[in-house]
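Everything on this sheet refers to the single structure shown next.
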Amino acid sequence: MTINQELLEKLLEEAKVNPRLRTNLDLRTSAEDGSQRMLNAMLPGTEVAIHRHPMSSENVILIKGRLDEVLYEEVASADGKVTLKEVERIHLCPEDGVYGCQVPKGVWHTVEVLEPSVIYEGKDGKYGEDGSETYTSM
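According to the working numbering, the sequence shown is numbered sequentially starting from -16.
Next comes the structure, spelled out in structure tokens:
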């Protein structure tokens, strides 16, 4: 497989007809591959739930487009309720020379897609089997 403009445009077209406004392409070479390696094509308006990966950092490399990787930390109030506070927004834009980032293990994060974008995501552990958590009000 060659990752080229034609493939990226095909993925973005698939994202347009997906109600979630995104689609991904699994890049693992076998079912035994215990990692997550994929291309994720996303359109503005897609909603990626705030989530974290407690057992692995995640590498995000932007191939096309422009988006913000948004990082959060937990804040406990006096009554013990835990909420999230945005602590960093990493603006990824190849035109500006910012191509990717690494989300540290256990850090809550999401993305805000600013224009049609394709990222490469890589981390240890298969999706759904890696202990990943989605944020819900605690």
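Positions of the beta carbon are idealized from the N, C-alpha and C atoms, including for glycine. Quick caveat: nothing in here was measured; it's all calculated off a predicted structure.
(message) Contact defined as beta carbons within less than 8 Å: I believe Asn23 pairs with Asn42. What is the distance between those atoms, to the nearest angstrom?
(response) Rounded to whole angstroms, the Cβ separation of Asn23 and Asn42 is 12 Å, and the two are not in contact under 8 Å.
(message) Tell me which residue opens and which closes the beta strand (DSSP E) that Leu45 is part of.
(response) Where Leu45 is concerned, the enclosing beta strand (DSSP E) stretches over 41 to 59.
(request) Work out the CA separation of Pro77 and Ile(-14) for me, nearest whole Å. (result) Inter-residue distance for Ile(-14) and Pro77 is about 16 Å (C-alpha atoms, whole angstroms).
(request) Decide if Pro122 is buried, meaning its Cβ has at least 16 other Cβ atoms within 10 Å, or exposed. (result) Look at the range of the chain in this structure, -16 to 121, and you will see that residue 122 is not part of it.
(message) Going by beta-carbon coordinates alone, are Glu56 and Lys68 separated by less than 8 Å?
(response) The answer is yes: Cβ separation under 8 Å.
(message) Tell me the DSSP secondary structure of Ala24 in three-state form.
(response) Here Ala24 sits in strand by DSSP.
(message) Tell me which residues share the same chain as Trp91 and place their Cβ nearer than 8 Å to its Cβ, disregarding the 5 neighbours each side in the sequence.
(response) Once the five neighbours on either side are set aside, the close Cβ partners of Trp91 are Ile33, His34, Arg35, Leu54, Tyr55, Glu56, Glu57, Leu67, Tyr118.
(message) In the DSSP output, what is Thr6 paired with across the bridge?
(response) Beta-bridge pairing by DSSP links Thr6 to Ala24.
(request) Give the range of the alpha helix (DSSP H) segment to which Val0 is assigned. (result) Looking at the DSSP string, the run of the alpha helix (DSSP H) that includes Val0 is -12 to 0.
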